[in-house]
Amino acid sequence: MKRSSEKAIKDLFAFYGAFQRPLSFVELSTRIPRDTTPEELMEFLDDGLRSGKLIMEDGFYWSKEFVPLRDNASEGVALSGMRRRAQDLFLDEKWKKLIKLSRWFRYVPFFEFVMASGSLSFGNVNSNSDFDVLTGVRSGRIFTARYFAGALFSLLRARRLDDLQASSPEKLCFNHFVTSGVYEKEPHNYYRHELYRNMIPLWCEEKACKKFIEKNEWSGIRKEALLDLHHVVKNKSAFARFIEWTLGGQFGDLVEERIARPIAMKRLSTYLSRKNANSGAYGKRVIISDDELEFHFVLNYEKKFEDLGTI
Numbered sequence: 017m018k019r020s021s022e023k024a025i026k027d028l029f030a031f032y033g034a035f036q037r038p039l040s041f042v043e044l045s046t047r048i049p050r051d052t053t054p055e056e057l058m059e060f061l062d063d064g065l066r067s068g069k070l071i072m073e074d075g076f077y078w079s080k081e082f083v084p085l086r087d088n089a090s091e092g093v094a095l096s097g098m099r100r101r102a103q104d105l106f107l108d109e110k111w112k113k114l115i116k117l118s119r120w121f122r123y124v125p126f127f128e129f130v131m132a133s134g135s136l137s138f139g140n141v142n143s144n145s146d147f148d149v150l151t152g153v154r155s156g157r158i159f160t161a162r163y164f165a166g167a168l169f170s171l172l173r174a175r176r177l178d179d180l181q182a183s184s185p186e187k188l189c190f191n192h193f194v195t196s197g198v199y200e201k202e203p204h205n206y207y208r209h210e211l212y213r214n215m216i217p218l219w220c221e222e223k224a225c226k227k228f229i230e231k232n233e234w235s236g237i238r239k240e241a242l243l244d245l246h247h248v249v250k251n252k253s254a255f256a257r258f259i260e261w262t263l264g265g266q267f268g269d270l271v272e273e274r275i276a277r278p279i280a281m282k283r284l285s286t287y288l289s290r291k292n293a294n295s296g297a298y299g300k301r302v303i304i305s306d307d308e309l310e311f312h313f314v315l316n317y318e319k320k321f322e323d324l325g326t327i
């Protein structure tokens, strides 16, 4: 086996092991890099099982070096394949609830796409999991779009309002807005590679969705999932189209600069001050600009995978 292939498979086990998520052979074979063959994967699995470095239960594999743990990590009990299957059933229920919520995206002006990301796209959900989404918005209207999204989903009681994990199960977490200028961004590390490759569209305009794919071909993004848009509502509501027409010109520029931006900046500044975001703990994952709004306050994933390097 090529040394590069062996490292790629080990990195894959390390990544999903940290997420406490064993993988099936099919999942492993679709996640290995293109230059690693299924035969090399089978060789790695067979050797690992014979040597005891790998564990397989109920059709799911994990590495002893990166053993997923139950909730009580001190017990050191491996996450079983049976529990993984139970998690998949739980994941299905989460998806059903998110799909019901997704129909409301068509009412938000200046939205161009909304994609499921984070724990839901990776599959590592629990009872407290919220719904992380990456939201693409029209350039020049990022603060206006955020304002309308916040207002609508607050009225629906479907928006995450704080950082207390137990307070936001199955609520939408609008923690990342992007315009077309930042569809693709550095660093191309292992976490971002898997994050972008596993994103799933909930609602999108086809042109914007295809552009997002083109910009992120480096990640091996699942084109078949993103291009198969027959199940995604693409038409906007009459309300959203009216607001976009009303705020599409100079009057909209004024609203963006004089109303939406100041309101957002005041609230965000207060919030970031409470979180002490300037301490350096959150680094570049807090971004406030005309092209991108990103609020990821805990870098637990990326810190674990710094040694996995770039893709």
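Under our numbering, residues 17 to 327 are what the sequence shown spells out, in order.
Where is the CB? At the ideal position from N, CA and C, for every residue including glycine.
Remember, predicted model here, so these are calculated numbers, not experimental data.
Name the residue from G268, E128, S145 whose alpha carbon lies nearest to the alpha carbon of Q103.
Counted from its first residue, the sequence shown places residue 103 at position 87. Here the closest residue by C-alpha is S145.
Starting from the C-beta of M131, find all residues in its chain whose C-beta is less than 7 Å away, skip the five residues before and the five after it, and write them out in chain order.
Taking the sequence shown and counting its residues from 1, the one referred to as residue 131 is at position 115. Once the five neighbours on either side are set aside, the close Cβ partners of M131 are V149, L150, M215, I216, P217, L218.
Where does the unbroken alpha helix (DSSP H) through V42 begin, and where does it stop?
Numbered from 1 along the sequence shown, position 26 holds the residue referred to as residue 42. V42 -> alpha helix (DSSP H) spans 41-47.
So is T195 buried or exposed if we call it buried at 16+ other beta carbons inside 10 Å?
By 1-based counting over the sequence shown, the position of residue 195 is 179. Its Cβ being crowded by 16 or more others within 10 Å, T195 is buried.
Taking the alpha-carbon of P203 as reference, which of N232, K227, K23 has the nearest alpha-carbon?
Here the question's residue 203 lines up with position 187 in the sequence shown. Selected option, being the one with the closest Cα: N232.
Can you tell me where the beta strand (DSSP E) with E128 in it begins and where it stops?
For the purposes of this step, residue 128 is taken as the residue at position 112 of the sequence shown. Unbroken beta strand (DSSP E) run through E128: 127-132.
If you follow the alpha helix (DSSP H) that Y206 is part of, which residue opens it and which one closes it?
Locating residue 206 in the sequence shown gives position 190, where the first residue counts as 1. Unbroken alpha helix (DSSP H) run through Y206: 206-213.
Quick check: what's the CA-CA separation for F129 versus C225?
Within the sequence shown, residue 129 is the residue found at index 113, counting from 1. Within the sequence shown, residue 225 is the residue found at index 209, counting from 1. When rounded, the distance between both Cα atoms is 7 Å.
Roughly how many angstroms separate the alpha carbons of K18 and R50, rounded to a whole number?
Taking the first residue of the sequence shown as position 1, residue 18 is located at position 2. Taking the first residue of the sequence shown as position 1, residue 50 is located at position 34. One C-alpha to the other measures close to 13 Å.
Below 8 Å, can you find three or more Cβ-Cβ pairs linking the segment 105-116 to the segment 53-66?
Too few Cβ pairs lie closer than 8 Å, so no.
Under a Cβ-count criterion, where at least 16 other Cβ atoms within 10 Å of its own Cβ denotes burial, should Q329 be classed as buried or exposed?
This structure gives no information on residue 329, because the portion of the chain shown stretches from 17 to 327.
Going by the beta-carbon positions, is the gap between V124 and A256 smaller than 8 Å?
Along the sequence shown, one-based indexing puts residue 124 at 108. Along the sequence shown, one-based indexing puts residue 256 at 240. Closer than 8 Å, so yes.
Classify W261: buried if its beta carbon has 16 or more other beta carbons within 10 angstroms, exposed otherwise.
Translated into positions along the sequence shown, residue 261 becomes position 245. Classification of W261: exposed, given that the 10 Å Cβ count is below 16.
For F258, count neighbouring C-beta atoms within 10 Å of its own C-beta (all shown protein chains included) and say buried if the count is 16 or more, exposed if not.
As a working mapping, residue 258 is identified with position 242 in the sequence shown. Label assigned to F258: exposed.
Give me the Cα-Cα distance between H192 and E22, rounded to the nearest whole angstrom.
The residue you call residue 192 lines up with position 176 of the sequence shown. The residue you call residue 22 lines up with position 6 of the sequence shown. Rounded to whole angstroms, H192 to E22 spans 34 Å at the Cα level.
With a threshold of 16 other CB atoms inside 10 Å of the CB of V141, please say whether the residue is buried or exposed.
Position 125 of the sequence shown holds residue 141. Buried, because 16 or more other Cβ atoms sit within 10 Å of the Cβ of V141.
Under the three-state reduction of DSSP, which class applies to R173: helix, strand or coil?
Translated into the one-based positions of the sequence shown, residue 173 becomes position 157. Of the three classes helix, strand and coil, the one that applies to R173 here is coil, per DSSP.
Note the first and the last residue of the continuous beta strand (DSSP E) segment covering D148.
Here residue 148 corresponds to residue number 132 of the sequence shown, with the count starting at 1. Element bounds for D148: 147-153.
Look at the Cβ atom of R208, then the Cβ atom of G139, and state whether they are nearer than 8 Å.
What you label residue 208 is simply residue 192 of the sequence shown in a count that begins at 1. What you label residue 139 is simply residue 123 of the sequence shown in a count that begins at 1. No, the pair does not count as a contact, with Cβ atoms beyond the cut-off.
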